[in-house]
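In this note's numbering, the protein residues as written are 1 to 297. Think of the CB as a built atom: it goes at the ideal place given N, C-alpha and C, for glycine as much as any other residue. See below for the structure under consideration.
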Ligand SMILES: [Fe+2]
Ligand SMILES: [Fe+2]
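Written out as structure tokens, the structure reads:
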């Protein structure tokens, strides 16, 4: 793990700016919101054709035939609030539905500052379609005021999205299954416990781990883990010298970690300014494919 202080194997010190800098960013965000930032952001980054649909094929040795072609669409870092409001994800939802995914994975940072902002996403999320369902994990922002359980309950009830808090769901196809393993955030939750999340998995399950912060992906990788899906970095959001360090480190869009592929999405929303430079808004479409070779599992 690099780029963050480590408190324990699964706990990283929260990245925090000083009070002055925080107040500056807040004011900037507020002003940009007041000056039409939301509408600008929607037109420029969330309209049809303005965001990227990134296709990622993950080859898995020994993948059961029933799981060949299993498709997960990932949405990350919405940051509802000043720059993203109700209905702004309509083109994103349409693009996701057009892919006819087996599952949708939302990898955290639903809100910007206030838990109420999550309500702005309910209508769009309710429109997401997937054969096995829509699942989510929380990002560091979602623990503000420690009301994440409330958000999870509203999401389940009003949008049909199930949040996985150190737990998994098995999506079965015949005798095989893809296990979506959802982790609490490594910085802001009370604890992230991968062992607890994996308890009860069947030995042959193909795991896809959802973990907001990409920095722990190398520890989550392993022979039964096809992919780790993360966000958090926004791909630096404004990827220019001197500015990119304001965002969390972006370890790369795709990394091969032994048998596991780690995907870090550049996300859909924005913080600070309604602007992205060399960091497109995106959804990721991850497809499992059977690979030739000896089954390492
Ligand atoms: Fe984020
Ligand atoms: Fe984050």
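Residues in its own chain within less than 8 Å of residue 14 by CB, not counting five upstream and five downstream? In its chain, beyond the 5 residues on either side, 140, 187 and 188 have a beta carbon closer than 8 Å to the beta carbon of residue 14.
Residue from 194, 46, 290 and 6 whose Cα sits closest to the Cα of residue 280: Closest option to residue 280, Cα to Cα, is 46.
Where residue 83 falls: helix, strand or coil (DSSP): Residue state, collapsed to three classes: coil.
Which two residues bound the contiguous beta strand (DSSP E) that contains residue 105? Its beta strand (DSSP E) spans residues 103-107.
Report yes or no: do the region 280-289 and the region 240-248 share at least 3 C-beta pairs separated by less than 8 Å? As far as the Cβ criterion goes, the region 280-289 does not touch the region 240-248, which means the pair count is below three.
Closer than 7 Å to a non-hydrogen atom of ligand 1 - does that hold for the CB of residue 232? For ligand 1, at least one heavy atom lies less than 7 Å from the Cβ of residue 232.
Counting contacts by CB-CB distance shorter than 8 Å, is residue 217 in contact with chain B? Any reference to chain B falls outside this structure, which holds one protein chain only.
Could you tell me whether the Cβ atoms of residue 137 and residue 212 are closer together than 8 Å? Yes, Cβ-Cβ distance for residue 137 and residue 212 is below 8 Å.
In the DSSP assignment, what are the bridge partners of residue 301? Past the boundaries of the shown model lies residue 301; the chain is included only from 1 to 297, so the question cannot be answered.
Strand pairing of residue 172, partner residues [DSSP]: Beta-bridge pairing links residue 172 to 177.
For residue 204, which of 67, 143 and 29 has the nearest alpha-carbon? It is 67.
Given this structure, state the Cα-to-Cα distance separating residue 208 from residue 41, to the nearest angstrom. Computed Cα separation, rounded: 31 Å.
Excluding five sequence neighbours on each side, which residues of the same chain lie with their C-beta closer than 7 Å to the C-beta of residue 233? Beyond the five residues adjoining it in sequence on each side, residue 233 comes within less than 7 Å, by CB distance, of 214, 247, 248, 249, 250 and 264 in the same chain, given in chain order.
Quick one: using the 10 Å Cβ neighbour count with 16 as the cut-off for buried, is residue 51 buried or exposed? It counts as buried.
Minimum length 4: unbroken alpha helix (DSSP H) runs contained in the region 15-68: At a cut-off of 4 residues, the continuous stretches assigned as alpha helix (DSSP H) that sit fully inside the region 15-68 are 19-34 and 37-41.
Per-residue burial, residue 195 [other beta carbons within 10 Å of its own, 16 or more giving buried]: Classification for residue 195: exposed.
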